[in-house]
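Note that full-length UniProt numbering numbers the sequence shown so that position 80 is 80, with each residue one more than the last.
Ideal Cβ positions, reconstructed from N, Cα and C, are used throughout, including at glycine.
For clarity, every value in this text was computed on a predicted model and none was experimentally measured.
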Amino acid sequence: MKREESRKRWKCIFGSFDLGLAVAWSAVAALRGHFGLCSGDDQVAADMAPNQEVATVYAVESVAMDDSALKPAKRGGATLTQVGESGLIYLIGGANREGASFGDVHCFDFETRAWKFVIPSSGSLSPRSGHSAVAIGSKIYVFGGFDVAAGATFNDVNVFDTRTLSWYEGAVEGEEPRPRNAHAAIILPEDDDSRETRRMLVHGGSSLEVGASDELFLLHVPVHDVDTALRWEKLSPDGEVPEQRSEKNSAIQ
1 MKREESRKRW KCIFGSFDLG LAVAWSAVAA LRGHFGLCSG DDQVAADMAP
51 NQEVATVYAV ESVAMDDSAL KPAKRGGATL TQVGESGLIY LIGGANREGA
101 SFGDVHCFDF ETRAWKFVIP SSGSLSPRSG HSAVAIGSKI YVFGGFDVAA
151 GATFNDVNVF DTRTLSWYEG AVEGEEPRPR NAHAAIILPE DDDSRETRRM
201 LVHGGSSLEV GASDELFLLH VPVHDVDTAL RWEKLSPDGE VPEQRSEKNS
251 AIQ
């Protein structure tokens, strides 16, 4: 595919490849009408070795990139999370094929097309991949994941404040989900802006101990009172329940 023909088609805008879309275990982000992917394990792309990992950004638009910034290491199972309308997208965690998991943070500026390695001012995230990450205001809420080297699956909620660049583990109440990775998580839209909480919906996932899950949970996140604990609620919906599954995505328009 020629680069000049790439508008409204997939285009590699970061890295050495100019390919159609062919990634799995990828992180996904949508920003101002554009759709992007970063990271993952390649499966079927032409001119690439089977199972070759990529650290690449794709977007449906022709853009120029600043390659002078520090690029994230190749990885799969990472997340990309847009924060507000700032044009900043945060890459968190992931793992490589050597079995090393990451707990690092990188910031991609969509306006300048540049990566920045983020050094937290306090706290840290234990290495993991297959977690979820959603943004509420200036904070990113990371749930679950799997540390390949340690063989550990998580059910903790860690919060990254993009204003202070600090990590902290959220205090939680209620019936907590079992440890899991490769689940789906989204923030539900709210009609009432005065609500004191926002709600994160979590579905499915898997762990080595119990396999795939069909469970559905809500995490109630206080918007204004940071001293109030997060609260888990297990849902028991009516109707036909989707089969147990993992390694999927979800989205709300």
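| Query | Result |
| --- | --- |
| Whole-angstrom distance between PRO237 and SER167, CA atom to CA atom | The sequence shown places Trp at residue 167, rather than the Ser named in the question. Approximately 34 Å between the Cα atoms of the pair. |
| Start and end residues, beta strand (DSSP E) containing LEU88 | 88-95 |
| Distance between beta carbons of VAL142 and PHE117, contact taken as under 8 Å | No, PHE117 and VAL142 are not in contact; Cβ-Cβ is about 18 Å, not under 8 Å. |
| Under the three-state DSSP convention, the category ALA185 falls into | strand |
| According to DSSP, residues forming a beta bridge with GLU98 | Its beta-bridge partners do not exist; DSSP assigns none. |
| Buried versus exposed, by CB contacts within 10 Å (16 or more), THR81 | buried |
| Complete beta strand (DSSP E) runs within the segment 189-234 (minimum length 3 residues, chain order) | 197-203, 216-222 and 230-234 |
| Length of the line joining the Cα atoms of SER250 and ASN181 | Here the model assigns SER250 a pLDDT of 47, short of 50, so the residue's position is not dependable and the matter cannot be decided. |
| Secondary structure of THR81, DSSP reduced to three states | strand |
| Exposed unless 16 or more other CB atoms sit within 10 angstroms - verdict on ILE92 | buried |
| Straight-line gap, PRO222 to ARG199 (C-alpha atoms, nearest Å) | 9 Å |
| Exposure label - ALA78; buried when at least 16 CB within 10 Å | buried |
| Contact check, GLY174 vs ARG231, beta carbons under 8 Å | yes |
| Cβ-based burial, HIS131 [other Cβ within 10 Å; buried from 16] | buried |
| Through-space distance from GLU209 to HIS183, alpha-carbon basis | 15 Å |
| Which residues DSSP lists as bridging LYS71, in chain order | For LYS71, which the question treats as bridged, DSSP gives no partner whatsoever. |
| Bridge partners - GLY174, DSSP secondary structure assignment | TRP232 |
| Same chain, Cβ closer than 7 Å to PHE220, five either side skipped, listed in chain order | Just to set this straight, residue 220 is His in the shown sequence, not Phe. So the qualifying residues of the chain are THR197, ARG199, LEU230, ARG231 and GLU233. |
| Expected contact under 8 Å - CB spacing of SER129 and GLY170 to nearest Å | Contact doesn't hold; Cβ gap of about 20 Å is too wide. |
| CB contact below 8 Å: GLY76 versus chain D | Reference to chain D is not applicable here, since this structure consists of a single protein chain. |
| Bounding residues of the beta strand (DSSP E) (the contiguous stretch that carries ASP156) | 152-161 |
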